[in-house]
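Student:
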Amino acid sequence: VEFLGLLRLRQWRFDEAYTCFEEAYGILDAIGPDDEGAADLPRARALLERHRGRALRGQGRRTEAVERLERALRFFRDSGEAYNTARTLTDLAETLLDGGEAEAALPLIDEALAALGRENAAYHVAFLRGLRERCVTPE
Numbered sequence: 005v006e007f008l009g010l011l012r013l014r015q016w017r018f019d020e021a022y023t024c025f026e027e028a029y030g031i032l033d034a035i036g037p038d039d040e041g042a043a044d045l046p047r048a049r050a051l052l053e054r055h056r057g058r059a060l061r062g063q064g065r066r067t068e069a070v071e072r073l074e075r076a077l078r079f080f081r082d083s084g085e086a087y088n089t090a091r092t093l094t095d096l097a098e099t100l101l102d103g104g105e106a107e108a109a110l111p112l113i114d115e116a117l118a119a120l121g122r123e124n125a126a127y128h129v130a131f132l133r134g135l136r137e138r139c140v141t142p143e
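Quick note on numbering: the sequence shown equals residues 5 to 143 in my numbering.
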């Protein structure tokens with residue numbers, strides 16, 4: 005269900021993507037504390053928070069998107085997941101840029117660049133450099 009939501013995101017079908025992520029979250033809620041996979045629930049929920057934030061951004065619901073992305077970011081920072089922290093920082097920066105908040109997006113981009121520089125993520129680093137350029141180059 006989560007993967008179908010990710011496909012819908014790539015197709016810019018944001019309402020359908022969000023619905024998939026909500027359904028996936030419900031599936032996670034059915035996993036009990038002693039069930040197989042229970043230890044992975046916090047991370048799985050954080051990933052879905054990130055995905056829901058991305059879908060909300062696509063729907064133009066920036067405030068809600070920021071809230072979801074910030075929740076995911078807290079988890080990934082606290083758990084020391086550099087790659088997912090950087091990806092979530094990127095999503096948050098893009099959401100802020102959508103609202104014309106380049107000054108707020110810039111430190112997030114720089115933090116993501118620093119983290120991804122150690123993750124061998126050349127494609128994403130190039131993408132972040134383009135975002136950064138949007139922040140520092142007047143239109």
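A virtual CB, placed ideally from N, CA and C, is assigned to each residue, including glycine.
With distances taken Cα to Cα, identify the nearest neighbour of phenylalanine 18 among Ala42, Arg58, Glu6, Pro37.
Tutor: Stepping through the sequence shown from its first residue, residue 18 is reached at position 14. When only C-alpha atoms are compared, the closest one is Arg58.
Student: Ignore the nearest five residues each way along the sequence and tell me which others in tyrosine 29's own chain have a CB closer than 6 Å to its CB.
Tutor: By one-based count along the sequence shown, residue 29 stands at place 25. So the list reads Leu52, once near-sequence residues are dropped.
Student: Which whole-angstrom value describes the C-beta separation of threonine 94 and alanine 69, a residue pair presumed to lie in contact below a C-beta threshold of 8 Å?
Tutor: Here residue 94 refers to the residue found at position 90 when the sequence shown is read from its first residue. Here residue 69 refers to the residue found at position 65 when the sequence shown is read from its first residue. In fact, because the Cβ distance is near 13 Å, the residues do not count as touching under 8 Å.
Student: Do the region 117 to 124 and the region 70 to 83 meet, that is, are 3 or more Cβ pairs less than 8 Å apart?
Tutor: No, the region 117 to 124 is not in contact with the region 70 to 83.
Student: With glycine 144 as the anchor, note down where its alpha helix (DSSP H) starts and where it stops.
Tutor: As shown, the chain starts at 5 and ends at 143. That puts residue 144 outside it, with no answer to give.
Student: Need the endpoints of the alpha helix (DSSP H) that threonine 141 sits in, please.
Tutor: Against the sequence shown, residue 141 aligns to sequence position 137. Here threonine 141 belongs to no alpha helix (DSSP H), and DSSP marks it neither H nor E.
Student: For a quick check, are the C-beta atoms of leucine 8 and cysteine 24 less than 8 Å apart?
Tutor: Indexing the sequence shown from 1 puts residue 8 at position 4. Indexing the sequence shown from 1 puts residue 24 at position 20. Cβ distance < 8 Å, so leucine 8 and cysteine 24 count as in contact.
Student: Using three-state DSSP, classify asparagine 88 as helix, strand or coil.
Tutor: Residue 88 sits at position 84 when you count from the first residue of the sequence shown. Helix at asparagine 88.
Student: Where does glycine 103 fall in DSSP's three states?
Tutor: Position 99 of the sequence shown, counting from 1, holds the residue named residue 103. It is coil, neither helix nor strand.
Student: Apply the 10 Å Cβ neighbour rule to alanine 106 and answer buried if 16 or more other Cβ atoms are within range, or exposed otherwise.
Tutor: Here residue 106 is taken as the residue at index 102 of the sequence shown, counted from 1. Buried.
Student: Between which two residues does the alpha helix (DSSP H) carrying valine 70 extend?
Tutor: For the purposes of this step, residue 70 is taken as residue 66 along the sequence shown, with counting starting at 1. Run containing valine 70: 66 to 83, per the alpha helix (DSSP H) assignment.
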